[in-house]
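Participant: This structure is in structure tokens; I'll ask about it shortly.
Chains as they are written, first to last, in my numbering: chain A, 74 to 265; chain B, 74 to 265.
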């Protein structure tokens, strides 16, 4: 599927604001894929469709999580997490994308997971640093992303976990496991 | 066993500095147990023996963890975690304490665990806020501890996790499971 066709499909699923975000993620994912040697075409497709399910009703997402045997603990955590695995399912079912690497990049773009592939890291990070993002700490992650994919990812996940901790909200276990996994592979202290 | 005998036993196992800390934990645990209706005698015993294994050689602790079938993932995380489960084992074996509630309070005083008992919460918190502790954030936890055991505990664990995140260190999974468990039971946002 070419980029124009893909964008046309996703545009009907999401708001104007989210579509602009998607374009930002696509362009950023392209750059990161080039920089770190991930498959550029797959990065583009994953980015275009990463928020495909973002505006589905919660009830529909809940049903899909249960019916498709997705991890049920998702339902005990923030519903913001749901659109990623549900998106992977719907992009396959409704759009006909079957590449498992692309589907996994969509599936894990919010929670992360241990042993992320390069493509998954590129999409997670592109979603975090695309030019439309303006929250505290994003510039530091942008800078890291230009030189070290894993350090940038660790910083992004640290920020995400700290944000949730400060709000007294639960943190989805996969996110913590992703952090621990990346830190253990990177070896020891990172911020000193 | 009376308090004097218990203190005499533990004094031989730890440094002078750690013994003073132990006295602080004992006094704080007594107060918290009274305040929140935990068993005061058990709180006292747990506090006195909580750091019993603190100065055992790492190799000895490692051996005990493996031989006694303790969670092996402990060995992949900070060795500061080891003295708690190893302490529970040695306090039973060498001192002859068999009360499972006291042993669990010792076992989980560093990592925490989901579904902590009141006694376990009292010991975790007493260890964190005893008068000798002076790190950033401890006064806020002290204040919370005078009115709300769970909020104080959540704050202490938040601080611990953030401290590790900022240093780029791994976080032991049981610790964030404890955080998630306490937050989910406390319901929603806590710091706003």
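Ideal Cβ positions, reconstructed from N, Cα and C, are used throughout, including at glycine.
These numbers come from a predicted model, not from an experiment.
#1: Can you list the residues of chain A that residue 235(B) reaches, using a CB-CB cut of under 7 Å?
#2: Measure the beta-carbon distance from residue 160(A) to residue 122(A) and round it to whole angstroms, keeping in mind my assumption that it falls under 8 Å.
#3: Give me the residue from 118(B), 124(B), 163(B), 119(B) with the minimum Cα distance to residue 140(B).
#4: Would you mind telling me which residues of chain A sit closer than 8 Å to residue 249(B), beta carbon to beta carbon, in chain order?
#5: Does residue 257(B) have its Cβ less than 7 Å from a Cβ in chain A?
#6: So does the stretch 91-104 of chain B actually touch the stretch 112-128 of chain B, counting three or more Cβ pairs closer than 8 Å?
#7: Which residues of chain B have a Cβ atom closer than 7 Å to the Cβ of residue 216(A), listed in chain order?
#8: In three-state terms, what does DSSP make of residue 203(B)?
#9: Is residue 253(A) close to chain B? Criterion is C-beta to C-beta, closer than 7 Å.
#10: Starting from residue 109(A), trace the alpha helix (DSSP H) in both directions and tell me its first and last residue.
#11: So that I know if they touch, is there some Cβ in chain A lying closer than 7 Å to that of residue 86(B)?
#12: Taking contact to mean at least 3 C-beta pairs separated by less than 8 Å, is the stretch 199-217 of chain A in contact with the stretch 210-220 of chain B?
#13: Looking at the secondary structure, which residues open and close the alpha helix (DSSP H) in which residue 172(A) lies?
#14: Check for me: the alpha helix (DSSP H) holding residue 244(B) runs from which residue to which?
#15: Is the Cβ-Cβ distance between residue 111(B) and residue 192(B) less than 7 Å?
#16: Chain B beta carbons: is any one of them nearer than 7 Å to that of residue 91(A)?
#17: If you draw a straight line from the C-alpha of residue 134(A) to the C-alpha of residue 178(A), how long is it?
#18: If distances are taken between C-alpha atoms only, which option among 169(B), 100(B), 167(B), 200(B) comes closest to residue 181(B)?
#19: Can you tell me where the alpha helix (DSSP H) holding residue 164(A) begins and where it ends?
#20: Given this structure, state the Cα-to-Cα distance separating residue 127(A) from residue 229(A), to the nearest angstrom.
#21: Is it right to say residue 151(A) is buried, meaning 16 or more other beta carbons lie within 10 angstroms of its own, or is it exposed?
#22: Which residue comes first and which comes last in the alpha helix (DSSP H) that contains residue 143(B)?
#23: Please list the residues of the stretch 175-188 of chain B that have a C-beta atom closer than 8 Å to any C-beta atom in chain A, keeping them in chain order.
#24: Buried or exposed: where does residue 251(A) fall if 16 or more other Cβ atoms within 10 Å of its Cβ makes it buried?
#25: Taking residue 231(B) as the query, report the chain A residues whose CB atoms sit under 9 Å from its CB, ordered along the chain.
#26: Given this structure, state the Cα-to-Cα distance separating residue 189(A) from residue 102(A), to the nearest angstrom.
#27: If you check the beta carbons only, do residue 225(B) and residue 255(B) fall under 7 Å apart?
#28: Between residue 260(B) and residue 223(B), what straight-line distance do the alpha-carbon atoms span, to the nearest angstrom?
#29: Whole angstroms is fine: what's the gap from residue 249(B)'s alpha carbon to residue 204(B)'s?
#30: Using a Cβ-Cβ cut-off of 8 Å (strictly less than) and excluding sequence neighbours within five positions of residue 131(B), which residues of its own chain qualify?
#31: Please give the ranges of any alpha helix (DSSP H) in the stretch 212-240 of chain A, keeping only runs that are unbroken, at least 4 residues long and fully inside the region.
#32: So, for residue 174(A): in the same chain, excluding its five sequence neighbours on each side, which residues have a beta-carbon less than 6 Å away from its beta-carbon?
#33: Residues of chain A with CB under 8 Å from residue 227(B), in chain order?
#34: With DSSP run on the structure shown, which of helix, strand or coil describes residue 149(B)?
#35: Tell me which same chain residues have a C-beta within less than 7 Å of the C-beta of residue 125(A), skipping the five on either side of it?
Facilitator: On the basis of the coordinates in this document:
#1: Those are 235, 238, listed as they occur along chain A.
#2: Confirmed, about 7 Å.
#3: Proximity to residue 140(B) across 118(B), 124(B), 163(B), 119(B) peaks at 163(B), based on C-alpha coordinates.
#4: When 8 Å is used as the limit between beta carbons, residue 249(B) is near these residues of chain A: 244, 246, 249, in chain order.
#5: Judged by the 7 Å Cβ criterion, residue 257(B) is in contact with chain A.
#6: Proximity of the stretch 91-104 of chain B to the stretch 112-128 of chain B meets the contact definition, three or more beta-carbon pairs being nearer than 8 Å.
#7: Chain B residues near residue 216(A): none, gap ~16 Å exceeds 7 Å.
#8: In the three-state reduction of the DSSP assignment, residue 203(B) falls in the coil class.
#9: Residue 253(A) counts as touching chain B.
#10: Per DSSP, the unbroken alpha helix (DSSP H) holding residue 109(A) starts and ends at 89-109.
#11: With 7 Å as the cut-off, residue 86(B) does not count as an interface residue toward chain A.
#12: Result no; under three Cβ-Cβ pairs closer than 8 Å.
#13: Per DSSP, residue 172(A) belongs to no alpha helix (DSSP H) and is neither H nor E.
#14: Looking at the DSSP string, residue 244(B) is not in any alpha helix (DSSP H), and its letter there is neither H nor E.
#15: Contact flag set, yes.
#16: For residue 91(A), no CB of chain B lies under 7 Å from its own CB, so it is not counted at the interface with that chain.
#17: Straight-line spacing of the CA atoms in residue 134(A) and residue 178(A) works out to 18 Å.
#18: Minimum Cα distance to residue 181(B) is reached at 200(B).
#19: Neither: residue 164(A) is in no alpha helix (DSSP H) and is coded neither H nor E.
#20: C-alpha separation (whole angstroms): 21 Å.
#21: With fewer than 16 Cβ atoms within 10 Å of its Cβ, residue 151(A) is classed as exposed.
#22: Counted as a single uninterrupted DSSP element, the stretch harbouring residue 143(B) is not any alpha helix (DSSP H), since DSSP gives it neither H nor E.
#23: Against chain A - using a Cβ distance shorter than 8 Å - the stretch 175-188 of chain B contributes no residues.
#24: Buried.
#25: Residues of chain A passing the Cβ test: 238, 239, 241.
#26: Between the C-alpha atoms of residue 189(A) and residue 102(A) there is a straight-line separation of about 15 Å.
#27: Not closer than 7 Å, so no.
#28: Between residue 260(B) and residue 223(B), the C-alpha separation is close to 11 Å.
#29: For residue 249(B) and residue 204(B), the distance between alpha carbons rounds to 26 Å.
#30: Setting aside the 5 residues that flank it on each side, residue 131(B) is surrounded in the same chain by 152, 155, each with a C-beta closer than 8 Å to its C-beta; the list follows chain order.
#31: The alpha helix (DSSP H) runs of length 4 or more contained entirely in the stretch 212-240 of chain A are, from start to end of the chain, 222-239.
#32: Result list for residue 174(A): 115, 192, in chain order.
#33: Neighbours of residue 227(B) on chain A, chain order: 241.
#34: The three-state secondary structure of residue 149(B), taken from DSSP, is helix.
#35: Once the five neighbours on either side are set aside, the close Cβ partners of residue 125(A) are 83, 86, 160, 163, 164.
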